[in-house]
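Here's the structure we're looking at; comments come further down.
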Amino acid sequence: MRLNAALIAIPSLLSLALPLFGSSYQIYLVELILINVVAGIGLNLLTGNCGQISLCHASLIAIGAYGTALLTTRLGLTYALALPGGVVLTTLLGASLSYPARRLSGLYLALVTLGFLEVVSIAIEEFPNLTGGVRGLKLSPPEILGRPLKANGLYYFVLGVTALAICAGWNIQRSRYGRAFNAVRQSVIVAQALAISPGRTKLLAFAMAAAFAGLAGGLFTAVVGFIDPTEFDISASLHQITFIVVGGLGSVLGSVVGAVVLTLLPEALRGAKEYSDVAYGAILLAALLLAPKGLVGLAASLLARVGRKAPLP
Amino acid sequence: MSLLALDNISVSFGGVAAVRGVTLRVDEGEIRGLIGPNGAGKTSLINSITGIVRPGGGVISFAGHEITTLAPDVIATRGVGRTFQHVELFRDATVLDNVLTGLYRHHVYGIAAAIAGWGRARRVEDEARREALALLEAFDLAPLALVPVHDLPFGIQKRIDLARALAVQPKLLLLDEPISGMSESEADAAVGMLRDLAEQRHITLLIVEHNMRVMMRLAARITVMHQGEILAEGPPAAIRADPAVVEAYLGEDGGHA
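Top to bottom, those sequences are chains A and B.
At position 147 of the first sequence (counting the first as 1) the number is 147 in our numbering, and the numbers step up by one without a gap.
Position in the second sequence (from 1) plus 313 gives the number in our numbering.
This is the structure:
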């Protein structure tokens, strides 16, 4: 119990106090981590819990980012309205992916989501008047309640939203819907025998994954101030998958740990210069081989070996 | 009126007939045995009742309504529950979580409540937990509530499977070899438990089971399947004495198959 409290308290305090001692670059880096945490929680519900493979998580982040951006620039909405608007738009489009998922699974579903990724990136590139095309879209700082949100204000906003997203992810996972996700992942036939509809459950999982992705995208526009299609390509999708696999599938804490470790890793490897990519890959492989249940799973089994049971969220 | 009525049900897989024109009635409150040699079509019949396999012909009615073409989860919602021959529990989840998953349909709250995690969601979850623990209590599983299922022996897993199936509140429970893999004493305990289900919870049971000794003690009537068809039906003693049954099934390995 004390361990769990420390696990929550220490990173919370550190992140709250960051503006006191961190450089603006460090703050920016933590903002990116937080955005990846939000997106990762969504993907982990879909893949880790519900067992649906998606290669288009980055496209959903893109829809959230472009949706939020266009609602502010084109429709003149304030960021406080555009962000939820982007989330709703992403949720609706993401939910549509559950339709093929009713019949397809595994590699076939992966291919459909890959198709979705292509469609989204082509759509962004082919409508330059709207989206800025390959040249991207520059955005002015977001405004909330008529006041521009920048530097520390923006940081605390992102931190607060992330905290809420973590709580939401936690709650969903422990709810009847979280149990339905897990049931569908493990056996569709057993889920049905327990009166759980796989179709509806997948719909919900895709919608939720999309909602978190849309939120992450909306935060991204505010933090980076510039979006272009290369941010949301297949490699971004694969990064999202590595986050949750390395962190721990089916665990909110896993999403957090994965996003933190893998966003910081390239920074830590900067000293290795031209070998940094190799080192990144090697560390990734080592993590997967040594911790097949993710870093969170590894930590749990180490703790269990020491003789205490820490129920990890 | 019968709770379950099968009329002229046929099931085939790629031209091979597994079930051929089966007509069957199971009355409310009854404990019915379903026996037959391997490949007789028992599991195919169970799968067609639960909707996993769609019959090629015939009509299945449950509680007076046709369910022949309904989706399996809808059939389960109507009150047809089942357990699995090879115990298909959620292995990494705890015993409690397995049973809680079975309460999905009867402890309901919305998505917004689930996300917020308080209010109605909290209340219903507390209720569900109490009910799940009561079920575990009834099956002597309460001390194991927080143990992951994969650590537990097979006989106990069978009991968890049964508790989870009951969480869905079935009116009819289809049990696919509930005793197999159990020791003699476990089997005896299971017989008592199943009889309690029927008598105290008023659940109708349709039991596929090879253990004749158990069937004789449990079922009031036994239906015998052979090569996809119904060969005989009647009280256990009559079934044992039926020369056709002995020929097709019991004779094969000394009457104890």
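Each residue gets a CB set at the ideal place from its N, CA and C atoms; glycine is no exception.
It should be emphasised that the depicted structure is a prediction, and the values quoted were computed from it without experimental measurement.
Task: Any C-beta of chain B under 8 Å from that of A/Val87 - done: Taking the first residue of the first sequence as 1, we reach residue 87 of chain A at position 87. Not one chain B Cβ lies under 8 Å of A/Val87.
- [ ] Please state if the CB of A/Leu204 and the CB of B/Gly415 are separated by a distance shorter than 8 Å.
- [x] Here the question's residue 415 of chain B lines up with position 102 in the second sequence. Here the question's residue 204 of chain A lines up with position 204 in the first sequence. For B/Gly415 and A/Leu204, no; Cβs fall outside 8 Å.
- [ ] Compare the C-beta of A/Arg305 against all C-beta atoms of chain B and say whether one is closer than 8 Å.
- [x] Residue mapping note: residue 305 of chain A aligns to position 305 of the first sequence, counting from 1. Not an interface residue.
Open item on the list: Quick check on the burial criterion: 16 or more other C-beta atoms within 10 angstroms. Buried or exposed for A/Lys150?
Closed with: Numbered from its first residue, the first sequence carries residue 150 of chain A at position 150. Looking at its Cβ environment, which holds fewer than 16 other Cβ atoms inside 10 Å, A/Lys150 is exposed.
TODO: Name, please, each residue of chain A whose Cβ falls closer than 7 Å to the Cβ of B/Arg418.
DONE: As a working mapping, residue 418 of chain B is identified with position 105 in the second sequence. Ordered by position in chain A, the residues that pass the 7 Å Cβ test against B/Arg418 are Ala195.
TODO: Inspect the CB distances between the stretch 471-484 of chain B and the stretch 437-456 of chain B and report whether three or more fall short of 8 Å.
DONE: yes
TODO: Enumerate in chain order the residues of its own chain whose CB-to-CB distance from B/Arg477 is below 6 Å, with the five nearest sequence positions on each side excluded.
DONE: Start at 1 with the first residue of the second sequence, and residue 477 of chain B comes out as number 164. Counting only Cβ-Cβ distances below 6 Å, and skipping sequence neighbours, we find Asn411, Val412, Gly415.
Open item on the list: Determine whether the beta carbon atoms of A/Leu254 and A/Asn44 lie at a separation below 8 Å.
Closed with: As a first step, residue 254 of chain A is located in the first sequence; it is residue number 254 there, counting from the start. As a first step, residue 44 of chain A is located in the first sequence; it is residue number 44 there, counting from the start. This sequence places Gly at residue 254 of chain A; Leu is not what is there. Closer than 8 Å, so yes.
TODO: Can you tell me the Cβ-Cβ gap for B/Ala330 and B/Gly541, rounded? I've got them flagged as a contact below 8 Å.
DONE: Residue 330 of chain B sits at position 17 when you count from the first residue of the second sequence. Residue 541 of chain B sits at position 228 when you count from the first residue of the second sequence. That belief holds up - the Cβ atoms of B/Ala330 and B/Gly541 are roughly 5 Å apart, short of 8 Å.
TODO: Would you kindly report the start and end of the unbroken beta strand (DSSP E) that includes B/Asp489?
DONE: The sequence position of residue 489 of chain B within the second sequence is 176, counting from 1. Where B/Asp489 is concerned, the enclosing beta strand (DSSP E) stretches over 485-489.
Task: For A/Ile61 and B/Pro491, the rounded distance between their alpha carbons - done: Position 178 of the second sequence, counting from 1, holds the residue named residue 491 of chain B. Position 61 of the first sequence, counting from 1, holds the residue named residue 61 of chain A. Spanning the two alpha carbons is a distance of roughly 48 Å.
Task: Within chain B, the residues that A/Ala180 reaches when beta carbons sit closer than 7 Å - done: Position 180 of the first sequence, counting from 1, holds the residue named residue 180 of chain A. Within 7 Å Cβ-Cβ: Tyr417.
Open item on the list: Assuming B/Phe397 is part of the beta strand (DSSP E), what are its boundary residues?
Closed with: By 1-based counting over the second sequence, the position of residue 397 of chain B is 84. Neither: B/Phe397 is in no beta strand (DSSP E) and is coded neither H nor E.
Open item on the list: Starting from A/Ile244, trace the alpha helix (DSSP H) in both directions and tell me its first and last residue.
Closed with: The residue you call residue 244 of chain A lines up with position 244 of the first sequence. 234-247 is the extent of the alpha helix (DSSP H) around A/Ile244.
Open item on the list: Looking at A/Ala168: is its Cβ nearer than 8 Å to the Cβ of B/Ile424?
Closed with: If you number the first sequence from 1, residue 168 of chain A lands on position 168. If you number the second sequence from 1, residue 424 of chain B lands on position 111. No.
- [ ] Decide if A/Gly214 is buried, meaning its Cβ has at least 16 other Cβ atoms within 10 Å, or exposed.
- [x] Along the first sequence, read from residue 1 onward, the residue named residue 214 of chain A stands at position 214. The residue in question, A/Gly214, is buried, as its Cβ has 16 or more Cβ neighbours within 10 Å.
Open item on the list: Just checking A/Val184 against the ligand MG - is the residue's beta carbon closer than 7 Å to any of the ligand's heavy atoms?
Closed with: The ligand MG is absent from the structure shown, which contains no ligands of any kind.
- [ ] Please name the residues in the stretch 24-42 of chain A whose beta-carbon is closer than 8 Å to at least one beta-carbon of chain B, in chain order.
- [x] none
Open item on the list: Runs of 4 residues minimum, wholly inside the stretch 171-207 of chain A: which ones carry the alpha helix (DSSP H) assignment?
Closed with: 176-186, 188-193
Task: Contacts of A/Ala168 in chain B (Cβ-Cβ under 7 Å) - done: Position 168 of the first sequence, counted from the start, is the residue given in the question as residue 168 of chain A. Neighbours of A/Ala168 on chain B, chain order: Ile428.
Open item on the list: One question on the structure: do B/Gly352 and B/Ser323 come within less than 8 Å of each other, judged by their Cβ atoms?
Closed with: Translated into positions along the second sequence, residue 352 of chain B becomes position 39. Translated into positions along the second sequence, residue 323 of chain B becomes position 10. The answer is no: Cβ separation not under 8 Å.
- [ ] Find the residues of chain B that neighbour A/Leu204, judging by a C-beta separation of less than 9 Å, and give them in chain order.
- [x] Along the first sequence, one-based indexing puts residue 204 of chain A at 204. Correct list: Ile424.
Task: DSSP three-state assignment for A/Ile33, whether helix, strand or coil - done: Residue numbering aside, residue 33 of chain A sits at position 33 when the first sequence is read from its first letter. Here A/Ile33 sits in helix by DSSP.
Open item on the list: On the DSSP bridge list, what partners appear for A/Arg147?
Closed with: Numbered from 1 along the first sequence, position 147 holds the residue referred to as residue 147 of chain A. DSSP lists A/Ile144 as partners of A/Arg147.
Open item on the list: Can you tell me whether A/Ile122 is buried or exposed? The criterion is at least 16 other CB atoms within 10 Å of its CB, across all chains shown.
Closed with: Numbered from its first residue, the first sequence carries residue 122 of chain A at position 122. A/Ile122 should be labelled exposed.
Open item on the list: I want to verify the contact list: residues of chain B whose CB lies under 9 Å from the CB of A/Ile244, in sequence order.
Closed with: Position 244 of the first sequence holds residue 244 of chain A. What A/Ile244 touches in chain B: nothing, since even the nearest Cβ is about 17 Å away.
Task: Closer than 9 Å at the beta carbon, the chain A residues around B/Arg395 - done: Here residue 395 of chain B refers to the residue found at position 82 of the second sequence. Those within 9 Å of B/Arg395 in chain A are Ala193.
- [ ] Determine the DSSP secondary structure at B/Asp410, reduced to helix, strand or coil.
- [x] Here residue 410 of chain B corresponds to residue number 97 of the second sequence, with the count starting at 1. Three-state result, B/Asp410: helix.
Task: N- and C-terminal bounds of the alpha helix (DSSP H) containing A/Asn129 - done: For the purposes of this step, residue 129 of chain A is taken as the residue at position 129 of the first sequence. 128-131 is the extent of the alpha helix (DSSP H) around A/Asn129.
Task: Unbroken beta strand (DSSP E) run spanning B/Ile344, endpoints - done: Mapped onto the second sequence, residue 344 of chain B falls at position 31. Element bounds for B/Ile344: 344-348.
Open item on the list: So that I know if they touch, is there some Cβ in chain B lying closer than 8 Å to that of A/Ala101?
Closed with: Here the question's residue 101 of chain A lines up with position 101 in the first sequence. Chain B contact via Cβ: absent.
TODO: Closer than 7 Å by C-beta to A/Glu31: which residues in its own chain qualify, once you throw out the five before and the five after it? Chain order, please.
DONE: Sequence index remark: in the first sequence, residue 31 of chain A carries index 31 (1-based). Excluding residues within five positions, the ones whose Cβ falls inside 7 Å are Tyr155, Val158, Val223.
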